[in-house]
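Below: the structure, in structure tokens.
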Amino acid sequence: MKTLHRALAALSLGIGALLTSGCTTTLVVMHVYDKMTEGDPTSCFKLNSVDRALQERCGRFVAGSLQAKDIQASGLPICPLTVATRNPTFWPVLPELIAKGATPEACSVPPWVALAQAHPCPDFSRATPAELQALRWVAEADARAIHHDAVRALSCPNARTAGLDRVLDGWVANDQMPAGVLPFGALGALHPSHLGSPLARALEARGHTAAAALGGYDGKLPGGFEEALRTGDFAALDWWLQRAPSLANRAPPANNSQLPWVPLARVLTPAFMPDADLQRRTVTYLIAHGADPDRALPHDPSQSVRMLAVRMKSPLLASLAASPGTAAAPNAGAPIAAVAAPAAALRGR
138 MKTLHRALAA LSLGIGALLT SGCTTTLVVM HVYDKMTEGD PTSCFKLNSV DRALQERCGR
198 FVAGSLQAKD IQASGLPICP LTVATRNPTF WPVLPELIAK GATPEACSVP PWVALAQAHP
258 CPDFSRATPA ELQALRWVAE ADARAIHHDA VRALSCPNAR TAGLDRVLDG WVANDQMPAG
318 VLPFGALGAL HPSHLGSPLA RALEARGHTA AAALGGYDGK LPGGFEEALR TGDFAALDWW
378 LQRAPSLANR APPANNSQLP WVPLARVLTP AFMPDADLQR RTVTYLIAHG ADPDRALPHD
438 PSQSVRMLAV RMKSPLLASL AASPGTAAAP NAGAPIAAVA APAAALRGR
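Residue numbers for the sequence shown follow our numbering, so the first one is 138 and each next one is one higher.
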């Protein structure tokens, strides 16, 4: 390492000496330097003011350094306003970026959608009042922010603490989220912890339903019922099951899926719910609310949740045993009686 440092120092001195020896020599040295650094990221000194402000490697943003002309001339792959909104590190840039003319209409990717998909519940605790105001303006100025994933982020606990959920209140008050018109179910987009809020009640009063919230949507974040299940939010699960009791046994197809899914089977999967204690309590909850472990799985009617648990050697098999199977015929979605003997045999192995 010391040898490398000496070599770099010698090179610097050599270049310094050459730079004082004439214009031609300077051009030659600069050409050699460009060849040596070819393929490296563009030097921060060569970036325009906006691109430099939105590069973490270029250091902390200096207020007042942005030039309005650089907003349109940015070399970033996506628009500066989306970059600044999506990454909390760049939130200090937002107020000045907006003041100097950046608008969400110029962005192919809606800024708040990008933020929600990168950080489903961002930490706003370190954001300044000016940054929070800028984030709120970006949401209110962009009609495309009325999106499943953005609504989830705006209604999550951190957003509510920061007061950003008032954006949602404004959309509802201004009739910007009409039932039957949105390309997603508003109640399914809400964060599960927000289903007991005045906003959720206002949406129901305006015609939004749990059934509509179970349909498909354009978004990357999971649907509201699935998120409530994954996080073991029992208050939210109560809300869903009171309005759609059949969800205890069967949920409609999620995005990019052709088949319905079984909540009990989903919960048995550690990748879906890594917390073993929460997993056990959620299984108990579902069974208490009518989930039948002997119903056929949609993708394989010859298998049941109980048989799946046996095959997985799930430690929750005993919790499933607390719910006896029924004697109905093993058609799709119905309890499986014929698998009881094979399952018992497997358990005895």
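Virtual Cβ for every residue (Gly too), placed ideally from N, Cα, C.
Cβ pair residue i, residue j closer than 8 Å
| i | j | result |
| --- | --- | --- |
| P248 | T222 | yes |
| P400 | L384 | yes |
| A325 | F362 | Note on identity: in this sequence residue 325 is Gly, with Ala being the wrong assignment. Cβ atoms of G325 and F362: closer than 8 Å. |
| N386 | A428 | yes |
| L423 | V404 | yes |
| R263 | L301 | no |
| P257 | R303 | no |
| L252 | S292 | no |
| S394 | T421 | no |
Neighbourhood of residue i by C-beta distance below 6 Å, restricted to the same chain and skipping five residues each side
| i | result |
| --- | --- |
| W398 | A388 |
| L366 | P400 |
| S211 | V187, D188, P217 |
Residue i versus residue j - alpha carbon distance
| i | j | result |
| --- | --- | --- |
| Q254 | D279 | 16 Å |
| A296 | A402 | 32 Å |
| M449 | G344 | 43 Å |
| H285 | F321 | 6 Å |
| G417 | W308 | The amino acid at residue 417 is misidentified as Gly; the sequence shows Arg. Rounded to whole angstroms, R417 to W308 spans 39 Å at the Cα level. |
| A413 | P407 | 8 Å |
| L336 | T226 | 30 Å |
| N185 | T419 | 53 Å |
| R194 | L203 | 17 Å |
| L332 | L454 | 32 Å |
| A349 | P452 | 36 Å |
| D312 | R338 | 15 Å |
| R380 | R197 | 50 Å |
| D306 | L269 | 16 Å |
| N224 | C244 | 15 Å |
| D260 | E277 | 20 Å |
Top-ranked residue by Cα proximity to residue i, from the options
| i | options | result |
| --- | --- | --- |
| P430 | D437, Q416, A458 | A458 |
| L213 | D437, A190, Q204, P257 | A190 |
| E341 | L405, W377, E364 | W377 |
| L319 | R263, A310, D355 | D355 |
| T368 | L415, L351, S334 | L415 |
| N392 | T298, A210, K357 | K357 |
| A299 | V447, A271, D437, G201 | A271 |
Beta-carbon contacts of residue i that lie in its chain and below 8 Å, excluding the five residues immediately before and after
| i | result |
| --- | --- |
| V275 | L218, T222, L231, I235, P241, P248, W249, A282 |
| I208 | V187, P217, L234, K237, G238, A239 |
| P390 | G353, L396, P397, W398 |
| L164 | Below a pLDDT of 50, predicted positions are generally treated as unreliable, and L164, at 44, falls in that range; no measurement from the model is reported. |
Neighbourhood of residue i by C-beta distance below 7 Å, restricted to the same chain and skipping five residues each side
| i | result |
| --- | --- |
| A347 | L324, W377, R380, A381 |
| V487 | With the chain represented from 138 up to 486, any question about residue 487 goes unanswered, as that position is not in the structure. |
| P329 | G361, E364, A365, T368, D370, A373 |
| A205 | K237, G238 |
Residue i - containing alpha helix (DSSP H), residue span
| i | result |
| --- | --- |
| P438 | Note, P438: premise wrong, no alpha helix (DSSP H); beta strand (DSSP E) at 437–441. |
| R189 | 186–190 |
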